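Number of protein chains: 2
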Amino acid sequence: MSLKQHSVAIVDDHLLLSESLEKLINSFEGFKVVYHASNGKELQKKIKAANKLPEIILLDINMPVMDGFETMAWLSENHPDINVLALSMEDDENVILKMLKRGAKGYLLKDIHPDKLQYALNEVMERGYYHSDKVAETLLHSIQPDFNKEKINFKPNELTFLQLACSEMTYKEIADVMNLSPKTIDGYRQDLFNRLNVKNRVGLVIYALKNNIISI
Amino acid sequence: MSLKQHSVAIVDDHLLLSESLEKLINSFEGFKVVYHASNGKELQKKIKAANKLPEIILLDINMPVMDGFETMAWLSENHPDINVLALSMEDDENVILKMLKRGAKGYLLKDIHPDKLQYALNEVMERGYYHSDKVAETLLHSIQPDFNKEKINFKPNELTFLQLACSEMTYKEIADVMNLSPKTIDGYRQDLFNRLNVKNRVGLVIYALKNNIISI
DNA sequence: AAGAAAAACAGGGAAAATCCTTAATCCCGA
DNA sequence: TCGGGATTAAGGATTTTCCCTGTTTTTCTT
């Protein structure tokens with residue numbers, strides 16, 4: 005019987021890892037490495053030269069010339085259907101998020117057990133993504149505000165104003181809604197600009213978002 | 005031998021479920037239901053009355069008086085150390101995200117297998133969170149832009165302008181940075197207001213965030 | 001190279017936002 | 001009841017934003 009072979013490309017500048025990964029993956033049932041590249045630029049060339057796209061790309065992050073972030077962004081823009089698994093030495097949450105935001109379907113640490121790699125490859129083909137525990141945790145952190153950090157204490161009216169200022173209402177409209185004089189609203193505004201150290205309303209919006217006072 | 009018993013509170017307005025959940029949880033090794041509430045308000049009262057906080061709360065979402073979202077927000081604000089597992093009939097991604105953003109440590113569907121519940125309780129005590137596959141997927145979706153959806157096509161300059169407009173710069177400053185006349189910038193601005201159907205700069209920022217043109 | 005289309009620029013004016021200073025008004029505790 | 005802090009608000013000046021319309025310049029097409 006002949007199983008469908010999923011094509012895999014490896015993008016990594018470490019030849020040793022790259023070669024051994026190929027052997028390993030070829031030993032997995034259902035997967036076949038079709039080509040390598042040592043950085044993003046080279047991958048672009050190979051993709052353009054080949055007439056078939058790989059189904060999966062294992063993408064290293066730290067590479068010369070064109071690194072994993074750039075490469076990931078390019079792939080999302082031009083070949084969003086390829087399932088990319090990011091491959092890295094470090095488990096830095098920001099790095100993980102950066103890759104996922106650019107469209108990576110999963111994130112693998114280079115020191116994982118071979119079985120985990122096989123599992124990840126299968127998962128990404130079946131479900132479209134692979135989540136290690138570390139990735140799951142990172143994602144949760146990324147959306148959960150830090151409830152223990154002390155927040156600036158807003159007076160109720162001030163808070164209401166801040167929230168309304170993050171809409172497309174004019175200050176006059178806000179004053180109407182809050183049943184206050186436009187001049188009072190102007191007072192809140194000045195106060196907040198000073199306290200939050202922002203220059204204009206855009207600054208307010210950004211602040212409110214960063215501090216989970218509003219969410220979109 | 006006496007294992008440490010983790011205290012669990014159940015907040016649900018369906019008596020039948022609530023009661024049977026208690027029996028189930030008490031049958032798990034290491035967990036003990038300490039009290040019930042049929043909505044958030046009642047929970048608040050019980051928490052204030054009791055001298056000990058539960059370690060875990062199973063929190064229903066659809067409840068009268070004070071629903072799960074409000075309750076979750078209150079808990080995060082006042083008792084951030086309690087591990088809350090949200091409990092719901094529906095697996096709507098927005099609902100899941102809403103609860104997680106408010107600080108829930110996990111999300112359970114009401115029709116899960118009892119073993120899963122036990123697993124979730126253990127996970128939340130050991131790791132601080134519990135991730136079902138659905139939750140993991142939801143989280144990934146929440147940070148990954150949809151690369152397949154067609155985006156409004158921005159001209160390079162227009163895109164640059166949009167990004168800069170999301171900072172605290174004035175239009176004049178943006179014009180300087182982009183080496184264009186303020187009047188040209190004003191043209192971009194008008195154009196975008198019309199095309200994106202927004203009323204002011206706050207609208208631009210919100211749009212840019214929603215469409216992953218900028219991220220904070 | 002002429003015409004069409006796109007991009008850059010401009011004038012003028014109304015509305016809104018921004019900035020600064022000062023002042024009633026209310027509420028609470030000594 | 002007095003004083004002080006917080007809240008609300010005023011006047012007034014300046015800048016920025018917003019909107020409509022039209023012109024020049026550049027770029028592309030054929």
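Those sequence lines, one after another, are chains A and B.
Using the working numbering, you'd call the opening residue of the first sequence number 5 and step up by one each time.
Using the working numbering, you'd call the opening residue of the second sequence number 5 and step up by one each time.
Virtual Cβ for every residue (Gly too), placed ideally from N, Cα, C.
These figures come from a predicted structure and were not determined experimentally.
C-beta neighbour in chain A for residue i, strict 9 Å
{"i": "P149 of chain B", "result": "yes"}
{"i": "G207 of chain B", "result": "yes"}
{"i": "V38 of chain B", "result": "no"}
{"i": "K56 of chain B", "result": "no"}
{"i": "L144 of chain B", "result": "yes"}
{"i": "I51 of chain B", "result": "no"}
Whole-angstrom distance between residue j and residue i, CA atom to CA atom
{"i": "I189 of chain B", "j": "A179 of chain B", "result": "6 Å"}
{"i": "E162 of chain B", "j": "N215 of chain A", "result": "29 Å"}
{"i": "L28 of chain B", "j": "E74 of chain A", "result": "51 Å"}
{"i": "V12 of chain A", "j": "N126 of chain A", "result": "12 Å"}
{"i": "P160 of chain A", "j": "R193 of chain A", "result": "14 Å"}
{"i": "S183 of chain B", "j": "S136 of chain A", "result": "According to the sequence shown, residue 183 of chain B is Asn rather than Ser. Answer to the nearest angstrom: the Cα atoms are 46 Å apart."}
{"i": "E26 of chain B", "j": "I156 of chain B", "result": "52 Å"}
{"i": "L166 of chain B", "j": "V209 of chain B", "result": "8 Å"}
{"i": "K50 of chain A", "j": "D16 of chain A", "result": "14 Å"}
{"i": "P58 of chain B", "j": "G44 of chain B", "result": "14 Å"}
{"i": "N201 of chain B", "j": "D195 of chain B", "result": "10 Å"}
{"i": "A41 of chain B", "j": "L62 of chain B", "result": "10 Å"}
{"i": "I147 of chain A", "j": "I100 of chain A", "result": "14 Å"}
{"i": "L19 of chain B", "j": "V37 of chain B", "result": "14 Å"}
{"i": "N82 of chain B", "j": "W78 of chain A", "result": "44 Å"}
{"i": "T174 of chain A", "j": "Q122 of chain A", "result": "56 Å"}
{"i": "R106 of chain B", "j": "G72 of chain B", "result": "10 Å"}
{"i": "D64 of chain B", "j": "R131 of chain B", "result": "22 Å"}
{"i": "E46 of chain B", "j": "V88 of chain B", "result": "16 Å"}
{"i": "A108 of chain B", "j": "M76 of chain B", "result": "7 Å"}
{"i": "A90 of chain B", "j": "K187 of chain A", "result": "44 Å"}
{"i": "S219 of chain A", "j": "H145 of chain A", "result": "16 Å"}
{"i": "G110 of chain A", "j": "S24 of chain A", "result": "21 Å"}
{"i": "E172 of chain A", "j": "R205 of chain B", "result": "8 Å"}
C-beta neighbour in chain B for residue i, strict 9 Å
{"i": "Y133 of chain A", "result": "yes"}
{"i": "G44 of chain A", "result": "no"}
{"i": "S92 of chain A", "result": "no"}
{"i": "N98 of chain A", "result": "no"}
{"i": "E23 of chain A", "result": "no"}
{"i": "G72 of chain A", "result": "no"}
{"i": "L213 of chain A", "result": "yes"}
{"i": "E130 of chain A", "result": "no"}
{"i": "I220 of chain A", "result": "yes"}
{"i": "G34 of chain A", "result": "no"}
{"i": "L28 of chain A", "result": "no"}
{"i": "M5 of chain A", "result": "The pLDDT assigned to M5 of chain A is 49, lower than 50, so where the model puts this residue is not dependable; a value taken from the coordinates is nonetheless given after this. M5 of chain A does not count as touching chain B."}
Per DSSP, the bridge partner or partners of residue i
{"i": "E40 of chain A", "result": "At residue 40 of chain A the sequence reads His, which differs from the Glu that was named. The partner list for H40 of chain A (beta bridge, DSSP) reads A:I14."}
{"i": "G110 of chain A", "result": "A:L89"}
{"i": "D64 of chain B", "result": "B:L91"}
{"i": "F158 of chain A", "result": "According to DSSP, which records beta bridges pairwise, F158 of chain A is partnered with nothing at all."}
{"i": "F165 of chain B", "result": "DSSP, once it has assigned bridges, lists no residue as partnering F165 of chain B."}
{"i": "F35 of chain A", "result": "A:H10"}
Where residue i meets chain B, residues with beta-carbon distance less than 8 Å
{"i": "A124 of chain A", "result": "The premise fails here: A124 of chain A is roughly 13 Å from chain B at the closest Cβ pair, so nothing lies under 8 Å."}
{"i": "L101 of chain A", "result": "I147"}
Neighbour list for residue i in chain B, Cβ cutoff strictly below 9 Å
{"i": "I61 of chain A", "result": "Those within 9 Å of I61 of chain A in chain B number zero; the least Cβ separation is about 15 Å."}
{"i": "K105 of chain A", "result": "I147, Q148, P149, N216, S219"}
7 Å Cβ cut-off: residues of chain B touching residue i
{"i": "V88 of chain A", "result": "None at all; the shortest Cβ gap to chain B is about 11 Å."}
Neighbour list for residue i in chain A, Cβ cutoff strictly below 7 Å
{"i": "V202 of chain B", "result": "E172"}
{"i": "K8 of chain B", "result": "Ordered by position in chain A, no residue passes the 7 Å Cβ test against K8 of chain B, which lies about 24 Å from the chain."}
{"i": "A140 of chain B", "result": "H135, A140"}
Under 9 Å from the C-beta of residue i: neighbouring residues of chain A
{"i": "I210 of chain B", "result": "C170, S171, E172, V209, I220"}
Below 9 Å between beta carbons is the criterion; list the residues of the stretch 161–190 of chain A that meet it against any residue of chain B, in chain order. Listed by position, the residues of the stretch 161–190 of chain A near chain B (Cβ gap below 9 Å) are A169, C170, S171, E172, M173, T174.
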